[in-house]
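Asker:
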Ligand SMILES: NC(=O)c1ccc[n+]([C@@H]2O[C@H](COP(=O)([O-])OP(=O)(O)OC[C@H]3O[C@@H](n4cnc5c(N)ncnc54)[C@H](OP(=O)(O)O)[C@@H]3O)[C@@H](O)[C@H]2O)c1
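In our numbering, the protein residues as written are 265 to 595.
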C-alpha cells in the first residue's frame, strides 16, 4: 500500500511517500478500510513537518486525522465489506495510524456510515472542520437560541471551522456576523454572512465584565481575549460554543455573564464526540451543506503533495480546505 510515512531520523521527523506491506499497519483494530480520501488539517501539517508534538504513537507513523473509505473486512459485525464509512477523531492520525494510507486498520466504534447521498470527496471537504462546526450549531440550537434570537458571531471566519459555521448557520436562517483578519467580505458574504467585522474589534478583550449585550450566540475558533470579549457581550441566555485556540489558549473572565445573564459557555470536542451525536451531525451535514460550496472551498491534492501543502498551510497561506486523494473510487 502507498502511504505517507513519518519516520524519526537523527531526532527529526521526516515524511515521505512509501510502499508498505499492509501487514506493517499496527493491528489495533477490528476493521480494515480501503481509504478513498483524507483531508489536510492543521494537526496533520504539524505531524508531517514535525513542527508540533502531534504524533503520540511510535515511529514509523502514518498521519491523517480524517478519512473516508470502503470496508474491506470487519470482525466486529457492525459493518460489511463494501460499506462506506467516515472516521474523524478518536486519536486517528495522532495515536493510531490515520488516513494518509491506502488501507487503515481501525476500531469499528470510531466510524460512522457515510450518509446516503454524500460523496466521499465531499465528506472530506467537510472533514473535522465541518463536523466541529455542526456540533457547535447543534449546541446553539439546543440552548434555545434560534434565528429570531439575534445575531450570532463566528470568529476565525475564513478558517475551516469558521467557514462551515457561517454557511450552516446562515442556511438555518441565522443573522451571521463573521469576524476575520482577512480582506474576505466577498468570500464570507458568499457563505451567507449578513455582515463582516474586523478581527481587531474583539481581539482586545472585554472592556467591562458585562458589556452591552450584542450576540445571541457565538462559534469561536480563536479563544483568548476574543472569547473574553464575546462572553462579556453575549445577551441573556445566549450560548457561546468554544471550538478553538487560534488566537490563544488563555481565558480570563468573570462569572457575571453566567450568573447575571444565564450565558452558557459550551465546550466542543469533536475528537471524542459520542457515536449517536456523531452520526446525527454527519446526517445533518449531508443534508445541510451545499455541495457547490464544498467545491468552491476545496482543492484536491495527492499524497505526494502533502509535504509542500503542509508548509503552505502552516505559513497561513491556504484559504479553504485540501482534500487528499488516497485511493480510486470504483466507477
Ligand atoms: N474543538 C474541536 O474539536 C476542534 C476541531 C477542529 C479544530 N479545532 C480548533 O479550532 C481552531 C480552528 O480550526 P480550523 O481548522 O478552522 O483552523 P484554520 O482553518 O487554520 O482557521 C483558523 C482561523 O483562525 C483565524 N486566526 C488565525 N490566527 C489567528 C490569530 N492569531 N488570532 C485570531 N484569529 C486567528 C483565521 O481566520 P480569519 O483570518 O478569518 O480571522 C484562521 O483562518 C483551531 O484552534 C483548531 O485547533 C478544534
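For every residue, glycine included, the Cβ atom is placed at its ideal position computed from N, Cα and C.
Residue 552: which of 272, 430, 578 and 268 sits nearest, CA to CA?
Answerer: If we check each option's Cα against that of residue 552, 430 comes out closest.
Asker: Is it the case that the Cβ atoms of residue 419 and residue 350 are separated by a distance below 8 Å?
Answerer: No, the pair does not count as a contact, with Cβ atoms beyond the cut-off.
Asker: Taking 7 Å as the line, does the beta carbon of residue 394 fall inside it for any heavy atom of ligand 1?
Answerer: Residue 394: no, Cβ never under 7 Å from ligand 1.
Asker: Round the Cβ separation of residue 494 and residue 479 to the nearest angstrom and send it over; I've been treating them as touching at under 8 Å.
Answerer: Confirmed, Cβ separation roughly 6 Å.
Asker: What's the gap between the Cα of residue 413 and the Cα of residue 397?
Answerer: Taking the straight line from one Cα to the other gives about 19 Å.
Asker: How long is the line joining the alpha carbons of residue 572 and residue 450, rounded to whole angstroms?
Answerer: Cα to Cα, residue 572 sits roughly 28 Å from residue 450.
Asker: Taking just the CA atoms, how far does residue 415 sit from residue 568?
Answerer: C-alpha separation (whole angstroms): 43 Å.
Asker: Would you tell me roughly how many angstroms separate the C-alpha atoms of residue 385 and residue 423, rounded to the nearest one?
Answerer: Each residue's Cα considered, the two are about 19 Å apart.
Asker: Can you tell me where the beta strand (DSSP E) holding residue 443 begins and where it ends?
Answerer: 439 to 444 is the extent of the beta strand (DSSP E) around residue 443.
Asker: For residue 422, which residues does DSSP report across the bridge?
Answerer: According to DSSP, which records beta bridges pairwise, residue 422 is partnered with nothing at all.
Asker: Does any heavy atom of ligand 1 sit closer than 7 Å to the C-beta of residue 532?
Answerer: True, at least one ligand heavy atom lies under 7 Å from that Cβ.
Asker: Mind checking residue 307: buried by the 16 CB within 10 Å criterion, or exposed?
Answerer: By the neighbour-count rule (16 or more Cβ atoms within 10 Å), residue 307 is buried.
Asker: Within its chain, find whatever has a CB closer than 7 Å to the CB of residue 272; leave out the 5 residues flanking it on each side and keep chain order.
Answerer: Hits under 7 Å: 323.
Asker: Quick one, which of 368, 537 and 295 has its alpha-carbon nearest residue 327's?
Answerer: When each option's Cα is compared against that of residue 327, the closest is 368.
Asker: Going by DSSP, which residues form a beta bridge with residue 377?
Answerer: In DSSP, residue 377 forms a bridge with 349.
Asker: Cβ-heavy atom distance between residue 489 and ligand 1 below 7 Å?
Answerer: No, the beta carbon of residue 489 sits no closer than 7 Å to any heavy atom of ligand 1.
Asker: Any heavy atom of ligand 3 closer than 7 Å to the CB of residue 306?
Answerer: By its list of ligands, the structure shown excludes ligand 3, since it contains just ligand 1.
Asker: Have a look at 455, 559, 439 and 421 and flag the residue whose alpha-carbon is nearest the alpha-carbon of residue 446.
Answerer: Residue 421 is the option with its Cα nearest to residue 446.
Asker: Within a Cβ cutoff of 6 Å, which residues of the same chain sit near residue 587, ignoring the five residues on either side of it in sequence?
Answerer: The residues are 301, 303, 385, 388, 389, 562 and 564.
Asker: For the alpha helix (DSSP H) containing residue 541, list its first residue and its last residue.
Answerer: 539 to 552 is the extent of the alpha helix (DSSP H) around residue 541.
Asker: For my contact list, residue 325 and residue 281 are in at a C-beta cut-off of 8 Å; report their separation, rounded to the angstrom.
Answerer: At roughly 14 Å, the Cβ-Cβ gap does not stay under 8 Å, so residue 325 and residue 281 are not in contact.
Asker: Tell me whether residue 566 sits in a helix, a strand or coil according to DSSP, three-state version.
Answerer: In the structure shown, residue 566 sits in a strand (DSSP, three-state: E or B).
Asker: Which whole-angstrom value describes the C-beta separation of residue 505 and residue 475, a residue pair presumed to lie in contact below a C-beta threshold of 8 Å?
Answerer: Between residue 475 and residue 505 the Cβ distance is about 19 Å, and since that is not below 8 Å, they are no contact.
Asker: Taking the alpha carbon of residue 316 as the reference point, which residue from 292, 334 and 278 has its own alpha carbon closest?
Answerer: If we check each option's Cα against that of residue 316, 278 comes out closest.
Asker: Kindly indicate the opening and closing residues of the beta strand (DSSP E) around residue 489.
Answerer: From DSSP, residue 489 is part of no beta strand (DSSP E) but of the alpha helix (DSSP H) over 488 to 496.
Asker: Tell me which same chain residues have a C-beta within less than 6 Å of the C-beta of residue 512, skipping the five on either side of it?
Answerer: If we look at residue 512 and ignore the five residues flanking it on each side, its Cβ neighbours are 487 and 488.
Asker: With a threshold of 16 other CB atoms inside 10 Å of the CB of residue 539, please say whether the residue is buried or exposed.
Answerer: By the 10 Å Cβ count, residue 539 comes out exposed.
Asker: Could you check whether the Cβ of residue 576 sits closer than 7 Å to any heavy atom belonging to ligand 1?
Answerer: No, since every heavy atom of ligand 1 falls outside the 7 Å radius drawn around the Cβ of residue 576.
Asker: For ligand 1, I want to know if residue 320 counts as a neighbour, meaning its beta carbon is within less than 7 Å of at least one of the ligand's heavy atoms.
Answerer: Residue 320: no, Cβ never under 7 Å from ligand 1.
Asker: Can residue 394 and residue 428 be called in contact, C-beta distance under 8 Å?
Answerer: The answer is yes: Cβ separation under 8 Å.
Asker: How would you write the range of the beta strand (DSSP E) that residue 307 sits in, first residue to last?
Answerer: Looking at the DSSP string, residue 307 is not in any beta strand (DSSP E); the run it does join, the alpha helix (DSSP H), is 306 to 313.
Asker: Could you have a look at residue 523 and say whether DSSP puts it in helix, strand or coil?
Answerer: Correct three-state label for residue 523: helix.
Asker: In or out: residue 348 buried (at least 16 other Cβ within 10 Å) or exposed?
Answerer: It is buried - the Cβ of residue 348 has at least 16 other Cβ atoms within 10 Å.
Asker: For chain C, find out if any of its Cβ atoms is closer than 8 Å to the Cβ of residue 304; answer yes or no.
Answerer: Chain labels in this structure do not include chain C; a single protein chain is all it has.
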